[in-house]
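Structure first, commentary second.
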Amino acid sequence: MMGRKALDYEELNENVKKVQYAVRGELYLRASELQKEGKRIIFTNVGNPHALGQKPLTFPRQVVALCQAPFLLDDPNVGLIFPADAIARAKHYLSLAPGGLGAYSDSRGIPGVRQEVAEFIQRRDGYPSDPELIYLTDGASKGVMQMLNAIIRNERDGILVPVPQYPLYSAAISLFGGSLVPYYLEEEANWGLDLVSTRQSVAEARSKGITVRAMVIINPGNPTGQCLSEANIRELLNFCYQENLVLLADEVYQQNVYQDERPFISARKVMFDMGPPVSREVQLISFHTVSKGYWGECGQRGGYFEMTNIPPKTVDEIYKVASIALSPNVPGQIFMGLMVNPPKPGDISYLKYSAESKSILESLRRRAQIMTDGFNSCRNVVCNFTEG
Amino acid sequence: MRRFLTDRARRAVAASLRGATRPAAPSPAPAAALSRPSPSAPSAMAAYMARAMSTSAAGTPPVSLDTINPKVLEFKYAVRGEIVTHAQQNLEQELHKNPESLPFDEILYCNIGNPHSLGQQPVTFFREVLSLCDHPALLDKSETHALYSSDAIERAWQILEKIPGRATGAYSHSQGVKGLRDEIAAGIAARDGFHASGDNIFLTDGASPAVHMMMQLLIRSEKDGILCPLPQYPLYSASIALHGGSFVPYFLDEETGWGLEVDELKKQVDEARSKGITVRALVVINPGNPTGQVLAEENQKKIVEFCKNEGLVLLADEVYQENIYVEDKQFHSFKKIARSMGYTDDDLPLVSFQSVSKGYYGECGKRGGYMEVTGFNADVREQIYKVASVNLCSNISGQILSSLIMNPPKVGDESYESFMVERDGIISSLARRAKALEEAFNSLEGITCNKAEGAMYLFPRLHLPQKAIGAAQAAGAAPDAYYALRLLQATGIVVVPGSGFGQAPGTYHFRCTILPQEDKIPAIISRFKEFHEKFMDEFRDVSRDEAPTGATIESGGD
Chain A
1 MMGRKALDYE ELNENVKKVQ YAVRGELYLR ASELQKEGKR IIFTNVGNPH ALGQKPLTFP
61 RQVVALCQAP FLLDDPNVGL IFPADAIARA KHYLSLAPGG LGAYSDSRGI PGVRQEVAEF
121 IQRRDGYPSD PELIYLTDGA SKGVMQMLNA IIRNERDGIL VPVPQYPLYS AAISLFGGSL
181 VPYYLEEEAN WGLDLVSTRQ SVAEARSKGI TVRAMVIINP GNPTGQCLSE ANIRELLNFC
241 YQENLVLLAD EVYQQNVYQD ERPFISARKV MFDMGPPVSR EVQLISFHTV SKGYWGECGQ
301 RGGYFEMTNI PPKTVDEIYK VASIALSPNV PGQIFMGLMV NPPKPGDISY LKYSAESKSI
361 LESLRRRAQI MTDGFNSCRN VVCNFTEG
Chain B
1 MRRFLTDRAR RAVAASLRGA TRPAAPSPAP AAALSRPSPS APSAMAAYMA RAMSTSAAGT
61 PPVSLDTINP KVLEFKYAVR GEIVTHAQQN LEQELHKNPE SLPFDEILYC NIGNPHSLGQ
121 QPVTFFREVL SLCDHPALLD KSETHALYSS DAIERAWQIL EKIPGRATGA YSHSQGVKGL
181 RDEIAAGIAA RDGFHASGDN IFLTDGASPA VHMMMQLLIR SEKDGILCPL PQYPLYSASI
241 ALHGGSFVPY FLDEETGWGL EVDELKKQVD EARSKGITVR ALVVINPGNP TGQVLAEENQ
301 KKIVEFCKNE GLVLLADEVY QENIYVEDKQ FHSFKKIARS MGYTDDDLPL VSFQSVSKGY
361 YGECGKRGGY MEVTGFNADV REQIYKVASV NLCSNISGQI LSSLIMNPPK VGDESYESFM
421 VERDGIISSL ARRAKALEEA FNSLEGITCN KAEGAMYLFP RLHLPQKAIG AAQAAGAAPD
481 AYYALRLLQA TGIVVVPGSG FGQAPGTYHF RCTILPQEDK IPAIISRFKE FHEKFMDEFR
541 DVSRDEAPTG ATIESGGD
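If you're matching them up, the sequences are chains A and B in order. Note that the UniProt record's numbering has the first sequence beginning at 1, numbered continuously upward. Note that the UniProt record's numbering has the second sequence beginning at 1, numbered continuously upward.
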């Protein structure tokens, strides 16, 4: 009777075995071993700024430290080490989170923070945003997983993913048993989108019996660093409209733009600029995070997704999935609130916040240029400029 | 070359436009027991968005109810289900707008194990340490000593030393910061008296994601079954459904204080196997949720033996290990039991789950927890690592808190005494509340309630009169859901119907937390009693001798 054990390798879920996630794969593990042996290793494998010496911004850390220890707010000495606007902001978030940081919030995230996100989106894009359709998540990755889980029914459901891609997408598609339908970015055209070849990919997939359900864009790109032009985004929105695809817009690097020719424009803004029918029909999910930008707060696991043109009953189902996880972590939610609603001119902490942010962004811009030039100066290496 | 490609592309596009098919609709989703509430009160914004969501000229939208993953449609999670949504969305609004219109002035959420939302205070020492780790720059200021206790400062230094670069904003190792895992392992070893390794720890955003990971690993198809207790915490049924597996229930015995009998386990395993199901694992929740029983050591040994004999992975949900309210019971981890029986790492695959959300710390919102994974081959552990790595890592603050709860202040530490006062205060208060509510429920006609030996809940049984059952059916609701809704409408008390947890067929229960603050308990008890007595009066089954005239039959509903 005792043959295979339940967790023998052979008995594992095939979908798990198929997953590959190179960012923390073999090479990384070998590097970690070497580091333990005393070798000096510089990790440039993962977008993890603080691990490489980038300092956290001061203001959010002050606010969250106060939220963690609300009893400090009653202490007469608190003003000695915390500025007044951080104290005020901590009180603001504590008022939005009854029970404080230790209580499960609404499964979609604290309503007041989602409101702040909606206001940010409105300021950024010039179109109103509904906080009810914004869900905070433990990092953008969790949101991506939830959406792909909702979309993928079986191996005949295909998701269009850019190649090269951030391997979260291939891993998640594998885990959920779907099919990855690659579309190739054009290295010669600065990793530009080529809709002709994308249509080909779709046609090929369909000929194999795959129902292509969604298209992922990563803008600015990972790993490729290109920023999509407005024209490009219009093209692909039309494409999604014609082909009846959900657009999954991974926009986590929107703060990381290192050239001025192609600033970041959100897919949502372009969609609304285009007006109906595209603005009414295309189903869009937009993702953002506190892990990138100039914040780089990867360890907090703070993110959100915003749904546009998703039917209410589907939203209910997505809420249901969110509710089994109970709630996203509350400190991460507060980081998100602070990121979308940072100190303003006139605030006590504004100058410091602004100086810290600028310094990080300018340094990233310089390093982007230096590294690109560096790679291009090597024989047999050609490197596109990292626009973002 | 380019022209060739363009021509080919043009032809392909033309072909795809001609032959484009709509996504195939999956088989219809099972009808929900109660209707779904609408997500939110309409607003101008929602109306605008609703117009934007009108059906596409292109046909069925790609993500609609017809086309989403049917496994998502199938599962339920009652802890935040219907009754709760009604309270949160409709009744809270009513209270706000027309406070006079309702027979209560506040809604009391007794549906979810969320202590801080009901006034429980966080443990000061833990929060001091977390605060310092969130803003390490504080450690460089001398004024910090005026605001934080010195052992909290010391501990924060120690923790930051374990984090590379002291960068709490950086992704850690995908299993969690090594130094923190080692600390947790030391805590486990101190608790159990048996060795534990940091390499076996996977720190996760709460225990729930760890449970999902194991289900992901274990479930290949609907032919893979997971043995779960009934009643159970519905994370398990939901996770199994989401991963496409089969839920294989084993019934806890209400008559014997929710006892877990190995005979029952065997019976269920055999039955499942006879239906072609490969049973992969056994879930045990100890202390139990919703049932609150603490397993006896002998019982645990038999369970371990059973898993060994049947080749099952033992999934030990031990998140309530610090919530024990009776003198004659103690928490024994399954790992300790297995090791004490002589089973080593090679003998028994065992996954033990712990969380920062429960205990005396109740830090639900932090999303901290871990699983200790023992008894697996290296190649399987690699796969677990791989799945963990896709999410990069769990939140660092939660990782730190996990290490704190497994290594709290010790005798001699500056904060020890105040820590113990807080800890004992919370546990003893929980014990008192558990007792008060249990006694209250048992004092009522038509309710019997097992003792809450541990955890945070009572799961009273409703012996509902036939009339009440009839009324529920007429309303299209499960009888306990009907009762829970009536309770809510009359008293503002939110509980979760037993049907959300599973129960023996023909029995009805509800789960009520013991978490409202102690000073609110008397009011809750009296409101509940008043409602229940009226409910029983309304629906009491009468004997033929007392056959009522029309006048004595009360009209329904509050």
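Quick reminder that beta carbons are idealized off the backbone N, C-alpha and C, glycines included. These numbers were taken from a predicted model, which means no experiment stands behind them.
- prompt: Are the beta-carbon atoms belonging to residue 235(B) and residue 208(B) less than 7 Å from one another?
  reply: Closer than 7 Å, so yes.
task: Say yes only if the C-beta of residue 366(A) is nearer than 6 Å to one or more non-hydrogen atoms of the ligand ATP, and no if none qualify.
output: For the structure depicted, the ligand ATP is absent and the ligand set is empty, with no information on it obtainable.
- request: Give, in chain order, every unbroken run of the beta strand (DSSP E) that is at least 3 residues long and sits entirely within the stretch 151–231 of chain A.
  value: If we require 3 residues or more, the beta strand (DSSP E) runs fully inside the stretch 151–231 of chain A come out as 157–163, 179–184 and 211–218.
field: Between the CA atoms of residue 258(B) and residue 297(B) - distance to the nearest angstrom
entry: When only Cα atoms are considered, residue 297(B) and residue 258(B) end up about 15 Å apart.
message: Which residue marks the beginning of the alpha helix (DSSP H) containing residue 331(A), and which one marks its end?
response: Here the alpha helix (DSSP H) through residue 331(A) covers 330–340.
message: Between 55(A), 123(A), 23(A) and 90(A), which has its C-alpha nearest residue 72(A)'s C-alpha?
response: It is 90(A) whose Cα lies nearest to the Cα of residue 72(A).
query: Counting along the chain, where does the beta strand (DSSP E) carrying residue 78(B) start and finish?
result: Counting along the chain, residue 78(B) falls outside any beta strand (DSSP E), and DSSP gives it neither H nor E.
task: Could you have a look at residue 273(A) and say whether DSSP puts it in helix, strand or coil?
output: Secondary structure of residue 273(A) (DSSP, three-state): helix.
query: In chain B, what lies closer than 8 Å to residue 16(A) by C-beta?
result: Going along chain B in sequence order, the residues near residue 16(A) (Cβ under 8 Å) are 216, 217, 383, 386 and 387.
- prompt: Among residues of its own chain, excluding the 5 on either side of residue 84(B), which ones have a beta-carbon nearer than 7 Å to its beta-carbon?
  reply: Here the set comprises 111 and 494.
task: Could you check if residue 425(B) is buried or exposed, using at least 16 other CB atoms within 10 Å of its CB as the buried criterion?
output: Around the beta carbon of residue 425(B), fewer than 16 other beta carbons sit within 10 angstroms, so the residue counts as exposed.
- prompt: With a Cβ-Cβ cutoff of 7 Å, do residue 300(A) and residue 335(A) count as a contact?
  reply: The Cβ atoms of residue 300(A) and residue 335(A) sit closer than 7 Å to each other.
field: Beta-carbon proximity check, residue 230(B) vs residue 251(B), cutoff 7 Å
entry: Yes.
- request: Assign residue 309(B) to buried or exposed, taking buried as 16 or more other Cβ atoms, counted over all protein chains shown, within 10 Å of its Cβ.
  value: Residue 309(B) should be labelled exposed.
message: Is there a C-beta anywhere in chain B that falls below 7 Å from the one on residue 72(A)?
response: Residue 72(A) belongs to the set of residues whose beta carbon lies under 7 Å from a beta carbon in chain B.
- request: Kindly give me the distance between the Cβ atoms of residue 388(A) and residue 256(A), rounded to whole angstroms, as I take these residues to be in contact under 8 Å.
  value: The pair is a contact, with the Cβ atoms about 5 Å apart (cut-off 8 Å).
field: Counterpart residues of residue 101(A) in DSSP-defined beta bridges
entry: Bridge partners of residue 101(A): none, in fact.
field: residue 368(A), DSSP secondary structure in three states
entry: In the structure shown, residue 368(A) falls within a helical segment according to DSSP collapsed to helix, strand and coil.
- prompt: Does the beta-carbon distance from residue 337(B) to residue 301(B) come in below 7 Å?
  reply: Yes.
Beta-carbon contacts of residue 393(B) that lie in its chain and below 6 Å, excluding the five residues immediately before and after: Around residue 393(B), the same chain offers 171, 172 and 174 as residues with beta carbons nearer than 6 Å, after the five sequence neighbours per side are excluded.
query: For a contact meaning CB atoms closer than 7 Å, what does residue 391(A) contact in chain B?
result: Summary: the structure shown does not reach residue 391(A), with chain A confined to residues 1 through 388, and so no result is reported for it.
query: Taking Cβ positions, are residue 290(B) and residue 320(B) nearer each other than 7 Å?
result: Between residue 290(B) and residue 320(B), the C-beta gap is not smaller than 7 Å, which leaves the two residues out of contact.
query: When DSSP builds the beta bridges, which residues end up paired with residue 204(B)?
result: Answer by DSSP bridge pairing, in chain order: 369(B).
query: Buried or exposed: where does residue 135(B) fall if 16 or more other Cβ atoms within 10 Å of its Cβ makes it buried?
result: With 16 or more neighbouring CB atoms inside 10 Å of its own CB, residue 135(B) falls in the buried class.
- request: With DSSP as the reference, please indicate the residues paired to residue 531(B) in a beta bridge.
  value: Its beta-bridge partners do not exist; DSSP assigns none.
query: Under a Cβ-count criterion, where at least 16 other Cβ atoms within 10 Å of its own Cβ denotes burial, should residue 375(A) be classed as buried or exposed?
result: Exposed, since its Cβ has fewer than 16 Cβ neighbours within 10 Å.
query: Would you call residue 227(A) buried or exposed, if buried means 16 or more other Cβ atoms sit within 10 Å of its Cβ?
result: The residue in question, residue 227(A), is buried, as its Cβ has 16 or more Cβ neighbours within 10 Å.
query: Can you tell me where the beta strand (DSSP E) with residue 354(B) in it begins and where it stops?
result: Counting along the chain, the beta strand (DSSP E) containing residue 354(B) begins and ends at 350–355.
task: Say whether chain B places a C-beta atom closer than 7 Å to the C-beta of residue 388(A).
output: False, the Cβ-Cβ gap to chain B never drops below 7 Å.
task: Closer than 8 Å by beta-carbon distance: list the chain B residues that pair up with residue 51(A), in chain order.
output: Close to residue 51(A), with beta-carbon spacing below 8 Å, are these residues of chain B in chain order: 164, 165, 167, 170 and 171.
task: Name the two residues that bound the continuous alpha helix (DSSP H) containing residue 288(A).
output: For residue 288(A), there is no enclosing alpha helix (DSSP H); the residue is found in the beta strand (DSSP E) stretching over 284–289.
query: Using a beta-carbon distance cut-off of less than 7 Å, what residues from the stretch 298–320 of chain A approach chain B?
result: 298, 299, 300, 301, 309, 310, 311, 312, 313, 314, 315, 316, 317, 319 and 320: these are the residues of the stretch 298–320 of chain A whose beta carbon lies less than 7 Å from some beta carbon of chain B, given in chain order.
task: Would you mind giving the Cβ-Cβ distance between residue 508(B) and residue 461(B), rounded to the nearest angstrom? I have them listed as a contact below 8 Å.
output: Contact annotation, residue 508(B) with residue 461(B): C-beta distance approximately 7 Å; criterion of less than 8 Å satisfied.
message: Suppose you measure from the CA of residue 391(B) to the CA of residue 210(B); what does that come to, to the nearest Å?
response: Computed Cα separation, rounded: 12 Å.
- request: Kindly indicate which residue of 434(B), 469(B), 535(B) and 73(B) has the alpha-carbon position closest to the one of residue 489(B).
  value: Among 434(B), 469(B), 535(B) and 73(B), the Cα nearest to that of residue 489(B) belongs to 535(B).
message: How far does the alpha helix (DSSP H) with residue 305(A) in it extend, from its first residue to its last?
response: Run containing residue 305(A): none in the alpha helix (DSSP H); it sits in the beta strand (DSSP E), 303–308.
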